[in-house]
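S.K.:
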Ligand SMILES: Nc1ncnc2c1ncn2[C@@H]1O[C@H](COP(=O)(O)OP(=O)(O)OP(=O)(O)O)[C@@H](O)[C@H]1O
Ligand SMILES: Nc1ncnc2c1ncn2[C@@H]1O[C@H](COP(=O)(O)OP(=O)(O)OP(=O)(O)O)[C@@H](O)[C@H]1O
Ligand SMILES: [Mg+2]
Ligand SMILES: [Mg+2]
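Chains as they are written, first to last, in this note's numbering: chain C, 1 to 313; chain Z, 1001 to 1504; chain H, 2001 to 2557; chain S, 3001 to 3294.
Rendered as structure tokens:
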């Protein structure tokens, strides 16, 4: 097991190296000049050139890359070109809202989606099944910002149950956090619930056709035990997998939701950085999100052993 | 305890990212500057220069300016403000600011003659000196400690210590998201009542938090539901929502507003040809641009004055077609006469700046109607600012025309208006080579008295529109909205948070 | 004692199926079972036989109340368990009944156990569902029943997962699960088909033993007549959803009344080897020497693990002769076949096809030799590309060897005739044929290359006995006409006896015995071979001739 | 087995290639979806034939007007006719969806076949694909659009790139499992060359899952375009797309919800139908599901 973990982590290295090279090149080939952004509207070409030089942007590409990787190896993600803040500090400030809301969303989604999916599979081809499936296809079909607006309009403006926007740290006030996080979480969860519910249903359907489910029934085991103890656990691996790959969807949802609900998270940080060509921030953020994605999927891989004793590493 | 502190939460027009108020012209950074820094002198409502940190005196011959710091000035780190700090700050500012550069071109010496006195000696008289030093935009000379002001003018400062009425809470600063200011307890305001940027900066609240909302919709909702107190720029189309709320006040923040304009590239066809530029100007209707951009006519005005309507030098010579809705027929004729060969016009359109999305689209249509072959290229604003600096041919990553906005005071005189500059490659983007314009500018600097200046300014206006140096597209106002709990807010272009109070 | 020959007429009826009809659900129902009657008395073993698809499993599922919902429905009849009609019960009453009064063992011990639960817990779950015993008592009873089914090392197995057990052990767990509550009726749906003969034998014995001690009635479903002969008291023969015939086992096997039953029995291959064919003096077309295959599952990061699937295998085949390879599952039979075909690369050894050693040829060099040696696989449903017409499949090989399309097509039409299919079948797709027909097509495809050697890897194992007999006959005829040498791989001694001239017995990748079919089957010299033969169910009976096997061979066994 | 109806000659090739199920049992939902989708495609493709206004021509004085006889759905913030824009906007949205689906499926198929086939290339290709998968696709897309400028093609490109690794994985897994099939081994035994086996035996296996995957890519591309527009990295406002109509209209959500409602409705209906059809195709084509129903 430990050996496997080490091997998996080693296998992550080439992936992250490719991500790093890719991102670096992508950005350097992008038109856009952070110096122009810093200097503002009335700067002259000569001023621009001087700023560019002081930012190290006039070095040849490979020199910039080596410098960056060297610093990276020492845990130095660089300094934002635009705000002159260390990138680690920016991440430190911004990552918590995203992580908290992301985690809450995943929890919420799993809690809603898995029972829904089980229900749909159990009541296969009944109206319950069709209702769940319709909902889950619908969840895929409406742009996330539209869902966000609808929720705001309904719950915050018309009903006035919840605040419209913003973020409160749970360390400040748990209630404040929840009341502000619930709408973004629901918005994000729509698509995630759809994804997980449909995967739960599909893999459960598959499992319900298996011989051992028939065996369990032949033993006279109660239906809910058949569903949850026998079927669901066997269906868990594909469900976990979809939670892992769906994580990518979550990230894109986060980027949008953070704008709609004005949450100071890393999604917005990254989009702003891309639009401002804040290279060190973009690089760090894409590396970070990729690393999180890889890490989450590693955890999910490892979690398979919990569900399936046949999987040995 | 923080909860009980009186806090104003304000949504500003943009996120604060750059903290060095000298290195950038960004308005949000200037506003930040006014929070934590102080200035030597400032203007009042009537654009009259008033003492702020310092009293001033001009020698008879107009060659020596003496600034005397008032008592009780202190930086946030507890150190007193000295004349040496002011000198270092002015020098750094002089390297960046175009107005400052003009002064330093004629400066003999700038020195701290004692702890409290700054003496500025010129080689030749430069009447606008006080106006430039007191200006509230784009880059005012903020005073910072000498050790910080000694940072190279091309590098951003990394320490944020001023002597202004608020302190910057660095731990709570989240670039692009929020910035927190606290009342600086040791600030000694002037005795006089506050008047625009001048007068006593009496702070009545404990904290001011600026946040950014990338989504205009969200900001409006937040204000309506009472989650924020102040919205610096409300989307005009959405005003009815705000006006419907009895708890809110909607008002124009600054009577001058902004000028929106288009600029062509003089280096490449087709706009290297004056006739074709004239045809373009003729095709355009300000009304269409402004109506699309702003919507409600209450908040925009047609204005052909390059120095902005409502300013002392305003003059609208040459702007008839612009204001009367354009003349596509005449433009077409003119184009034909110029022998336009259908060279594509590369028109840059930013997609991510709300106040700049309408102009390119409307102008593109007008140009097409007049027979231009328009190649509208969408890009984000950052690509645009990079690309407009490129002197390559339009086909190789250059451009032909783009649009931007200026706060009216920033363009209100030939001295500071960046477009009115004919020095070719050293001129502003577009790079017109126009010796005649340069001569006119020199005349303006030399002109004595307001009347003489106005006369030269009027000739500059005529020249600029004749040669189509750039195309003024009219003026629009920005509207602020605030909770009625906020009282006594000063009405002016720069939103400042002294004097304002928050009632319960 | 040849048969069990017990009498139950005086025993009370345990289960009575009366006029049971089942049809598919939906708008136009297709009948699956047509008013069948079955009676099972206490302690009796009733065997239900019949070819694939005849409705055996549906009958058992109907009794259990486990017909797939929305797919199949009971349309008429009664199922009475000790006088109580099960069809009147609701879902929870039915659930109560399962495992308490009727239980069931399924065919595939691999898939019938939940792979993610410990087997002990799975047995205990029966007690959880039906009793309220204290935990200790439950554990005790589970351990007890596990001992009764002769599981070794009960404590360890209690905490094991299914994949950690052998097939036989898993089937024992299933049986333990079924019998822990001492039900009146045990239904076993092909419980031993997936097991190899030796294990099958043990499991059959075990069921009989438990039946004795618990007095359980058993409904045993199988298509293997050998098993029937071994365990049945009464036999029901099914066909297309009808009970064709039922009788006491000996009566049925000795004097079947119905044609269908006769045909079914006649198709069962006999353990008596075919008559020996004259020795051939021709040079061998295939000679294999010192063939060794070691599977090396070393990955880039993973630890290595070696499987010696075949070691030092040696045999030769002459034209027109058939060599059989027999042995239990995993003994390396397929590995040899695949090496000979060069679908995998042998680790060591020589494979001479005609004059050329192809063992070490590179992929490219191999191509010209391909046409000499062809293969037929076990699974008729997967060995033809479902997207290709039969014609396209048949001409694939000849086209590769330069035949023109027209010529190849013409030849293909002849081949179809040869294997007994209409020539117009060329334009159809594989799914439009039955399993037996598909296997014929696969054979035709191999023959189309005019090979010298045909490798048949379990080529008839997936087929019903009657179809199996036809395909075996076809192979025989083809061999006669074309003089091909056949390498015939099977785990079924009966089949080997019917088609092979020589038999090679493999165990753990090695050849343990190699002789003429007659010698191997009648005078096995190796203990393993003897064990194999002894385990073959019904080996005393010659089904096709409706009488005991009177040859001396059986005596030596 | 009962005699199966024979495919008619014209359809034979197609049916044979993708092995469509032999007993189409479509429910009400998929049929409705197919009709809705067909209507949307026809209505948008022929939009220029019937829309009352040029979708690009502006009238500043008519901006943000409500529905009227001249402007059936009202006007947008530039004073353009919303109805015309929504109908014409579908063209680009659908083009992006279909374009992204086709391009990513084709490229993915090619790479996937190579990867499933050549062991050596596989190791390298899969590392690169893993890396591409790890980069959040929306960030990659924004960056790519920023790189190329928000033209129609760069949006398609930006949406396509992140989809490719998924297609590659799919194709590769199908190839890897199909090459274990006995009929592939039989083909080897029959002396067929590797490229021939790859193309004739293995590739057709990928078609059915690719068609299903293609529908999902199409749907998600249309959605991604909307999100890119929302984030300010979409196609220029000159060319209407459902995404940029909504993105432009979003700040007017409270005063003029039609701006989001109509394009949103079309978009959602369209994606809903595509997804439903994809699901149906998957259910019908999935051999495992088929097996269980048999
Ligand atoms: N779920 C189902 N839906 C429709 N028809 C079914 C279903 N299950 C079985 N059948 C049909 O019922 C018939 C009998 O099937 P059954 O499984 O009982 O055969 P069997 O005798 O057990 O065959 P085998 O020896 O292959 O197990 C077959 O024709 C089969 O196609
Ligand atoms: N690709 C492979 N990799 C590793 N081990 C393998 C592989 N194929 C077969 N083996 C192992 O080689 C041994 C022989 O397998 P083989 O398939 O030849 O047996 P068999 O006699 O054909 O059995 P069966 O009757 O079940 O078909 C087994 O232990 C099997 O697990
Ligand atoms: Mg069966
Ligand atoms: Mg085998």
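The beta carbon of each residue, even a glycine, is placed where N, CA and C say it ideally should be. Note that the structure is a prediction, hence the values are computed from the model and not measured.
1) Shorter than 7 Å, the distance from the beta carbon of residue 2072 of chain H to the closest heavy atom of ligand 1, or not?
2) Determine contact between the region 3235-3245 of chain S and the region 3261-3269 of chain S, defined as no fewer than three beta-carbon pairs at a distance below 8 Å.
3) Can you give me the start and stop residues for the beta strand (DSSP E) that residue 1261 of chain Z sits inside?
4) Would residue 193 of chain C and residue 84 of chain C qualify as a contact pair, given that the criterion is a beta-carbon distance under 8 Å?
5) In chain order, what residues of the same chain have a beta carbon less than 8 Å from the beta carbon of residue 2517 of chain H, not counting five sequence neighbours either side?
6) Does any heavy atom of ligand 3 sit closer than 7 Å to the C-beta of residue 2189 of chain H?
7) Would you list the residues whose beta-carbon is nearer than 6 Å to any heavy atom of ligand 5, in the order they occur in the chain?
8) The beta strand (DSSP E) with residue 1472 of chain Z in it runs from where to where?
9) Nearest to residue 2357 of chain H by CA position, among H:2378, H:2291, H:2406 and H:2306, is which residue?
10) Measure the alpha-carbon distance for residue 94 of chain C versus residue 266 of chain C and round it to whole angstroms.
11) Chain S partners of residue 251 of chain C, CB-CB under 9 Å?
12) Determine whether the beta carbon atoms of residue 1376 of chain Z and residue 1334 of chain Z lie at a separation below 8 Å.
13) At 7 Å on the CB atoms, spell out the chain S contacts of residue 2397 of chain H, in chain order.
14) Would you give the residue range spanned by the alpha helix (DSSP H) that residue 1120 of chain Z belongs to?
15) Reducing DSSP to helix, strand and coil, say where residue 2453 of chain H ends up.
16) With distances taken between CB atoms, is the gap from residue 1288 of chain Z to residue 1355 of chain Z smaller than 8 Å?
17) Should the region 2508-2525 of chain H be regarded as contacting the region 2234-2254 of chain H, the criterion being three or more beta carbon pairs within less than 8 Å?
18) Would residue 1224 of chain Z and residue 1241 of chain Z qualify as a contact pair, given that the criterion is a beta-carbon distance under 8 Å?
19) Give a single yes or no on whether residue 2024 of chain H has its beta carbon closer than 7 Å to a heavy atom of ligand 1.
20) Would you kindly work out how many angstroms separate the C-alpha atoms of residue 184 of chain C and residue 1434 of chain Z, rounded to a whole number?
21) Got a sec: is the Cβ-Cβ distance from residue 2421 of chain H to anything in chain D below 8 Å?
22) Taking only runs of the beta strand (DSSP E) that begin and end inside the region 1002-1042 of chain Z, which ones reach a length of at least 3 residues, in chain order?
23) Which parts of the region 119-167 of chain C are runs of the alpha helix (DSSP H), unbroken and 4 residues or longer, counting only runs that do not cross its ends?
24) Answer with yes or no whether the minimum CB distance from residue 2426 of chain H to chain S is below 8 Å.
25) Using only the heavy atoms of ligand 4, determine whether one of them is closer than 7 Å to the beta carbon of residue 2457 of chain H.
26) Would you please state the rounded distance, in angstroms, between the beta carbons of residue 1205 of chain Z and residue 1183 of chain Z? I believe it to be under 8 Å.
27) Would the region 1187-1206 of chain Z and the region 1116-1131 of chain Z be scored as touching if the rule is three or more Cβ pairs under 8 Å?
28) Near residue 2422 of chain H, what residues of its chain come up, given a Cβ to Cβ distance below 8 Å and the 5 sequence neighbours on each side ignored?
29) Shorter than 8 Å from the beta carbon of residue 1352 of chain Z to some beta carbon of chain S?
30) Since residue 2482 of chain H and residue 2445 of chain H are thought to touch, with beta carbons under 8 Å apart, how far apart are those beta carbons, to the nearest angstrom?
31) Under the criterion of a Cβ to heavy atom distance below 7 Å, does residue 2069 of chain H qualify as lining ligand 3?
32) Nearer than 7 Å: is that true of the beta carbon of residue 2431 of chain H relative to any heavy atom of ligand 1?
33) Only counting the same chain, and skipping five residues up and downstream in sequence, which positions put a Cβ closer than 7 Å to that of residue 1496 of chain Z?
34) For residue 2172 of chain H, collect the residues of the same chain with a Cβ closer than 6 Å to its Cβ; drop the 5 residues on either side in sequence, then sort them by chain order.
35) Between which two residues does the beta strand (DSSP E) holding residue 1327 of chain Z run?
36) For residue 333 of chain C, go through chain Z and note every residue whose CB falls closer than 7 Å to its CB, in chain order.
M.R.: Put simply:
1) Residue mapping note: residue 2072 of chain H aligns to position 72 of the third chain, counting from 1. Flag set: Cβ of residue 2072 of chain H near ligand 1.
2) yes
3) Counting from one through the second chain, the residue named residue 1261 of chain Z turns up at place 261. 1258-1264 is the span of the beta strand (DSSP E), which, as asked, contains residue 1261 of chain Z.
4) Locating residue 193 of chain C in the first chain gives position 193, counting from the first residue. Locating residue 84 of chain C in the first chain gives position 84, counting from the first residue. Taking 8 Å as the Cβ cut-off, residue 193 of chain C and residue 84 of chain C do not qualify as a contacting pair.
5) To locate residue 2517 of chain H, count along the third chain from 1; it is residue 517. So the qualifying residues of the chain are 2273, 2274, 2276, 2324, 2496, 2497, 2500, 2501, 2502 and 2503.
6) Your numbering for residue 2189 of chain H matches position 189 in the third chain. For ligand 3, at least one heavy atom lies less than 7 Å from the Cβ of residue 2189 of chain H.
7) Ligands present in the displayed structure are limited to ligand 1, ligand 2, ligand 3 and ligand 4, and ligand 5 is not among them.
8) Locating residue 1472 of chain Z in the second chain gives position 472, where the first residue counts as 1. Its beta strand (DSSP E) spans residues 1471-1476.
9) The residue given as residue 2357 of chain H occupies position 357 in the third chain. Measuring from the Cα of residue 2357 of chain H, the nearest candidate turns out to be H:2291.
10) Here residue 94 of chain C corresponds to residue number 94 of the first chain, with the count starting at 1. Here residue 266 of chain C corresponds to residue number 266 of the first chain, with the count starting at 1. Each residue's Cα considered, the two are about 5 Å apart.
11) Here residue 251 of chain C refers to the residue found at position 251 when the first chain is read from its first residue. Here the neighbours are 3136, 3137, 3138 and 3139.
12) Translated into positions along the second chain, residue 1376 of chain Z becomes position 376. Translated into positions along the second chain, residue 1334 of chain Z becomes position 334. Against a cut-off of 8 Å, the Cβ pair of residue 1334 of chain Z and residue 1376 of chain Z comes out as no contact.
13) In the third chain, counting from the first residue as 1, residue 2397 of chain H sits at position 397. The contacting residues are 3190 and 3191.
14) In the second chain, counting from the first residue as 1, residue 1120 of chain Z sits at position 120. Per DSSP, residue 1120 of chain Z belongs to no alpha helix (DSSP H); it is in the beta strand (DSSP E), 1117-1122.
15) Indexing the third chain from 1 puts residue 2453 of chain H at position 453. Here residue 2453 of chain H sits in strand by DSSP.
16) As a working note, residue 1288 of chain Z is residue 288 in the second chain. As a working note, residue 1355 of chain Z is residue 355 in the second chain. No. Outside cutoff.
17) no
18) Mapped onto the second chain, residue 1224 of chain Z falls at position 224. Mapped onto the second chain, residue 1241 of chain Z falls at position 241. In contact: residue 1224 of chain Z and residue 1241 of chain Z (Cβ atoms closer than 8 Å).
19) Residue numbering aside, residue 2024 of chain H sits at position 24 when the third chain is read from its first letter. Yes, since a heavy atom of ligand 1 falls inside the 7 Å radius drawn around the Cβ of residue 2024 of chain H.
20) Position 184 of the first chain, counted from the start, is the residue given in the question as residue 184 of chain C. Position 434 of the second chain, counted from the start, is the residue given in the question as residue 1434 of chain Z. Cα-Cα distance, rounded: 56 Å.
21) Checking the listed chains, one finds no chain D in this structure; the protein chains it contains are C, Z, H and S.
22) 1007-1011
23) 127-141 and 144-151
24) For the purposes of this step, residue 2426 of chain H is identified with residue 426 of the third chain, where counting begins at 1. Not an interface residue.
25) Residue 2457 of chain H sits at position 457 when you count from the first residue of the third chain. Correct: residue 2457 of chain H has its Cβ closer than 7 Å to ligand 4.
26) Position 205 of the second chain, counting from 1, holds the residue named residue 1205 of chain Z. Position 183 of the second chain, counting from 1, holds the residue named residue 1183 of chain Z. Going by Cβ atoms, the distance from residue 1205 of chain Z to residue 1183 of chain Z rounds to 7 Å, so yes, they are a contact pair.
27) no
28) In the third chain, residue 2422 of chain H corresponds to position 422, counting from 1. If we look at residue 2422 of chain H and ignore the five residues flanking it on each side, its Cβ neighbours are 2416.
29) For the purposes of this step, residue 1352 of chain Z is identified with residue 352 of the second chain, where counting begins at 1. Residue 1352 of chain Z counts as touching chain S.
30) By 1-based counting over the third chain, the position of residue 2482 of chain H is 482. By 1-based counting over the third chain, the position of residue 2445 of chain H is 445. Wrong, their Cβ atoms sit about 14 Å apart, outside the cutoff.
31) For the purposes of this step, residue 2069 of chain H is taken as residue 69 along the third chain, with counting starting at 1. Outside the cutoff, so no.
32) Taking the third chain and counting its residues from 1, one reaches residue 2431 of chain H at position 431. Residue 2431 of chain H: no, Cβ never under 7 Å from ligand 1.
33) Residue mapping note: residue 1496 of chain Z aligns to position 496 of the second chain, counting from 1. Correct list, in chain order: 1034 and 1490.
34) Here residue 2172 of chain H refers to the residue found at position 172 of the third chain. Within the same chain, residue 2172 of chain H has close Cβ partners 2149 and 2151.
35) On the second chain, position 327 is the one that residue 1327 of chain Z refers to. Note, residue 1327 of chain Z: premise wrong, no beta strand (DSSP E); not H, not E.
36) Outside the modelled stretch of chain C, which goes from 1 to 313, sits residue 333 of chain C, for which no answer is possible.
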